Ligand code: NDP
Ligand code: 2IT
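Residue numbers (the working numbering): 281 to 724.
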């Protein structure tokens with residue numbers, strides 16, 4: 281058995297009941313095959329694949345809090361500090377009832393390679409809780425966040441581990457957690473990113489993931505003789521990433537005709553009304569069923585269905601495994617030319633393979649959604665020098681980072697004779713830098 285197959289089998293056996301983690305490792309290992317095979321004995325002796333799939337540290341804790349009826353509620357909290365070879369652990373916190381150890385490990389594992397691709401000094405980590413912020417009062421969210429940080433604050437810091445937002449964690453949650461960290465640790469430092477602008481946040485961090493996704497999509501299309509102007513785009517999700525992806529597509533002259541949330545999806549043939557979407561999701565925190573009140577000509581459908589709509593470009597921006605093989609079939613049949621992932625691992629392995637085999641340009645999330653964490657790293661830089669940069673300065677840096685990521689993954693793919701295989705390119709380019717740093721630091 282090859283070294284790659286041997287370690288993959290052991291990772292799966294050693295981490296039962298973690299299908300998303302298996303999926304993420306399988307995808308990376310498949311891409312790394314040609315790299316490992318060049319020097320198999322060396323990588324095996326150094327146990328590189330074993331080391332890169334074993335988190336440096338995992339912290340799990342109880343999060344008790346009191347609800348508005350005076351009852352005690354208990355949730356699970358977790359932080360996976362996966363790899364610190366190139367910098368302090370960096371990655372978001374997810375608050376969603378589906379959160380478990382396997383999901384946080386898959387996200388932390390992906391984050392190692394994504395953060396490497398940004399070119400900035402950040403290691404990989406991820407955390408979260410099975411707490412569901414939906415339907416909770418502000419006071420309940422605050423009580424939960426304070427309890428969560430009371431435990432987490434023992435393990436993080438501006439130079440050790442710097443969490444940020446992800447699903448269910450936005451500006452409100454980051455604010456409550458920052459306040460609690462400061463009270464307990466007595467430190468006013470850049471321990472979290474995605475902070476509000478009055479207390480150390482960076483301009484353009486809110487927009488960064490969605491904008492970055494569209495910048496890399498535009499570069500991809502330009503390098504293939506076209507661009508987003510007049511293109512029809514399908515987006516899934518209606519959260520932070522989706523909203524700012526839609527905004528940037530519209531600024532570049534494309535038209536987004538769909539968005540979705542966990543209960544249903546919207547088709548608006550005239551183009552999604554962003555002001556309406558922002559009011560529904562960012563202000564009212566309501567369901568997409570409300571969208572029709574603003575746009576009578578739009579359609580609302582229960583359940584899944586975004587990928588059935590004819591489009592030139594698809595941007596999945598909701599969650600993992602939301603673009604399945606049937607969706608991939610439909611996208612190909614409808615003449616879609618590019619799929620770029622805004623979410624983390626939204627496309628299943630078989631759907632990815634089908635899209636690639638049918639000539640669709642496919643950019644994986646660890647490259648295409650890296651704009652969020654990249655601007656988080658720029659927030660860390662601003663906090664360290666106690667200065668704030670203008671929106672334009674941060675946005676320009678973000679554009680350069682995304683264009684560089686595209687060319688780095690394109691070059692890495694070509695080096696291994698895999699032109700336009702951006703999954704291989706991203707995994708190889710991300711891996712090479714991390715491994716060089718790991719080897720330089722000895723056995724650790
Ligand atoms: P938000 O919480 O702001 O939005 C998530 C959106 O996805 C919501 O519309 C939500 O619907 C929908 N959604 C969540 N879970 C499910 C589910 N199980 N089934 C269907 N729909 C679901 O999160 P973000 O926009 O921040 O994150 C979206 C994706 O982007 C995630 O994969 C995240 O890991 C990734 N990402 C985020 C970054 C960031 O900076 N925020 C950076 C890089 C990647 P509803 O409104 O009903 O909850
Ligand atoms: O998946 C991700 O890259 C994020 N949720 C953002 C992480 C960060 O530290 O900004």
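In this text, a Cβ means the ideal position worked out from N, Cα and C, and glycines have one as well.
Quick caveat: nothing in here was measured; it's all calculated off a predicted structure.
Spatial neighbours of residue 641 in its chain, beta-carbon cut-off 7 Å, leaving aside the 5 residues before and after: Correct list, in chain order: 500, 504, 617, 618 and 700.
Cβ-based neighbour list, residue 514, same chain, cut-off 6 Å, excluding 5 preceding and 5 following: Residues 538, 586, 589, 591 and 594 of the same chain have their beta carbon placed closer than 6 Å to that of residue 514, with the five preceding and five following residues left out of the count.
Limits of the alpha helix (DSSP H) - the one that residue 441 falls within: Segment 441-444 is the beta strand (DSSP E) holding residue 441; no alpha helix (DSSP H) there.
Start and end residues, beta strand (DSSP E) containing residue 594: Segment 593-596, the beta strand (DSSP E) holding residue 594.
Backbone secondary structure at residue 614 - three-state DSSP: The answer is coil: DSSP assigns residue 614 none of H, G, I, E or B.
Minimum length 3: unbroken beta strand (DSSP E) runs contained in the segment 618-643: Here the runs fully enclosed are 618-620 and 641-643.
Selected residue, minimal CA-CA separation from residue 556, among 438, 568 and 549: The closest CA to that of residue 556, considering only 438, 568 and 549, is found on 568.
Contact between the segment 654-665 and the segment 338-347 (3+ Cβ pairs under 8 Å): Taking a contact to require three or more Cβ pairs closer than 8 Å, the segment 654-665 and the segment 338-347 do not qualify as touching.
In chain order, each alpha helix (DSSP H) run of at least 4 residues that lies wholly inside the segment 469-513: Under the rule that a run must span 4 or more residues, the alpha helix (DSSP H) segments found entirely inside the segment 469-513 read 485-502.
Beta-carbon separation (whole angstroms), residue 449 vs residue 389, contact threshold 8 Å: Actually they do not touch by this definition, with Cβ atoms about 19 Å apart.
Near the ligand 2IT: residue 444 beta-carbon under 7 Å from a heavy atom: With a threshold of 7 Å, the Cβ atom of residue 444 counts as near the ligand 2IT, since some heavy atom of the ligand is closer than that.
Buried versus exposed, by CB contacts within 10 Å (16 or more), residue 550: Counting Cβ neighbours within 10 Å, residue 550 comes out exposed, since fewer than 16 surround it.
heavy atom of the ligand NDP below 7 Å from residue 520 C-beta: Correct: residue 520 has its Cβ closer than 7 Å to the ligand NDP.
Buried or exposed by the 16-neighbour rule on C-beta atoms within 10 Å, applied to residue 418: It counts as exposed.
Segment contact, 8 Å Cβ cut-off, at least three pairs: the segment 391-408 with the segment 456-474: Per the Cβ contact rule, the segment 391-408 is not in contact with the segment 456-474 (fewer than 3 Cβ pairs under 8 Å).
Close beta carbons around residue 717, own chain, < 8 Å, minus the five adjacent residues each side: 365 and 366.
Check: residue 674 C-beta below 7 Å from any heavy atom of the ligand 2IT: No, since every heavy atom of the ligand 2IT falls outside the 7 Å radius drawn around the Cβ of residue 674.
Residue 343 - DSSP class collapsed to helix/strand/coil: Looking at residue 343 - three-state DSSP - the assignment turns out to be strand.
Proximity test, residue 517 beta-carbon vs the ligand 2IT heavy atom, cut-off 7 Å: In this structure, residue 517 has its beta carbon at no less than 7 Å from each heavy atom of the ligand 2IT.
Residue of 722, 299 and 711 minimising C-alpha distance to residue 391: Ranking the options by Cα distance to residue 391, first place goes to 711.
The segment 663-677 touching the segment 626-646, judged by at least three CB pairs closer than 8 Å: Here the segment 663-677 makes no contact with the segment 626-646; the two share fewer than three CB pairs at distances below 8 Å.
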